[in-house]
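One structure is given below, encoded as structure tokens.
Numbering (the numbering used here), first residue to last: 2 to 239.
This is the structure we're talking about:
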């Protein structure tokens, strides 16, 4: 099994390839990383959630490449045009869009190559062995835990919206119009969680010490109140 430092070096190598302006190189690197994430026991996603996220990422990456290539082919006036599916697409525009999309996918995959194959506990042990401050390690781990819970929270918000009769997942236009009703509760829930996690860190001594007992008591009373107000507002929105 590869140690986290070796995995990070390999991921950094693939990430650095995005600097070169050759879409052929980007395409080869993307194929190699997809092979590593699919077949290599060292880089295979470590959990069911990671595998599901990897499959979704592939789907979204294919859609992204198709849209970027098509839009650049339509909007670029220079060069020879090809008739594809009834659309007159510029060759130079399609190549530019392909290079841009592959570069984005390459950088994203290089990050996922490390984090999808490395459990959080192994990553935490690696950070502690690197002699980083314990507070920084805790903050990084809590940030990853929050990011990992975002898809599940979005699904809960969508289910709540659908239970009220909102057709959120009918088509792409419905999803675009429903985006504010999804992002709003997600942001408010994130604020609530950040307040709670900040309070937990403060109780563990990671934040600065309050100079007076009166100020400390005020903070203890104020933070649960703000948290309850945010929760109430989220419930009203849902």
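Even for Gly, the Cβ is constructed at its ideal location relative to N, Cα and C.
Boundaries (first-last residue) of the alpha helix (DSSP H) holding residue 91: Taking the first residue of the chain shown as position 1, residue 91 is located at position 90. Looking at the DSSP string, residue 91 is not in any alpha helix (DSSP H); the run it does join, the beta strand (DSSP E), is 88–91.
For residue 38 and residue 114, believed in contact at Cβ under 8 angstroms, the rounded distance: Here the question's residue 114 lines up with position 113 in the chain shown. Here the question's residue 38 lines up with position 37 in the chain shown. That pair is a contact at about 6 angstroms.
Endpoints, alpha helix (DSSP H) assigned at residue 1: The structure shown does not extend to residue 1, since the chain is modelled only from 2 through 239, so no value can be given for it.
Through-space distance from residue 140 to residue 92, alpha-carbon basis: Reading the chain shown from its first residue, position 91 is the one you call residue 92. Reading the chain shown from its first residue, position 139 is the one you call residue 140. Their Cα atoms are separated by approximately 47 angstroms.
Burial state of residue 49, where buried means 16 or more other Cβ atoms lie within 10 Å: The residue you call residue 49 lines up with position 48 of the chain shown. Exposed, since its Cβ has fewer than 16 Cβ neighbours within 10 Å.
3-residue-minimum beta strand (DSSP E) runs that sit fully inside the region 106–140, ordered along the chain: none
Under 8 angstroms between C-beta atoms of residue 192 and residue 155: One-based indexing of the chain shown puts residue 192 at position 191. One-based indexing of the chain shown puts residue 155 at position 154. In this structure, residue 155 does not lie closer than 8 angstroms to residue 192 by Cβ.
C-beta atoms of residue 58 and residue 118 nearer than 8 angstroms: Reading the chain shown from its first residue, position 57 is the one you call residue 58. Reading the chain shown from its first residue, position 117 is the one you call residue 118. No; because the gap between Cβ atoms is not below 8 angstroms, this pair is not in contact.
Three or more C-beta pairs below 8 angstroms linking the region 98–113 and the region 18–34: yes
CA-to-CA distance, residue 146 to residue 158, given in whole angstroms: Within the chain shown, the letter at position 157 stands for residue 158. Within the chain shown, the letter at position 145 stands for residue 146. Distance between the alpha carbons of residue 158 and residue 146 is about 18 angstroms.
Between the CA atoms of residue 15 and residue 26 - distance to the nearest angstrom: Sequence index remark: in the chain shown, residue 26 carries index 25 (1-based). Sequence index remark: in the chain shown, residue 15 carries index 14 (1-based). Going from the Cα of residue 26 to the Cα of residue 15 covers about 10 angstroms.
Endpoints, alpha helix (DSSP H) assigned at residue 82: Looking up residue 82 in the chain shown gives position 81. Looking at the DSSP string, residue 82 is not in any alpha helix (DSSP H); the run it does join, the beta strand (DSSP E), is 82–85.
Which listed residue (87, 81, 76, 110) has its alpha carbon closest to that of residue 1: The structure shown does not extend to residue 1, since the chain is modelled only from 2 through 239, so no value can be given for it.
Spatial distance of residue 9 from residue 110 (CA atoms): Locating residue 9 in the chain shown gives position 8, counting from the first residue. Locating residue 110 in the chain shown gives position 109, counting from the first residue. Distance between the alpha carbons of residue 9 and residue 110: 13 angstroms.
Range covered by the alpha helix (DSSP H) that runs through residue 61: Taking the first residue of the chain shown as 1, we reach residue 61 at position 60. Here the alpha helix (DSSP H) through residue 61 covers 49–76.
Nearest-angstrom Cα separation, counted from residue 13 out to residue 133: Taking the chain shown and counting its residues from 1, one reaches residue 133 at position 132. Taking the chain shown and counting its residues from 1, one reaches residue 13 at position 12. Rounded to whole angstroms, residue 133 to residue 13 spans 20 angstroms at the Cα level.
Spatially closest choice to residue 184 from 166, 196, 162, by CA coordinates: Numbered from 1 along the chain shown, position 183 holds the residue referred to as residue 184. Per the Cα distances, 162.
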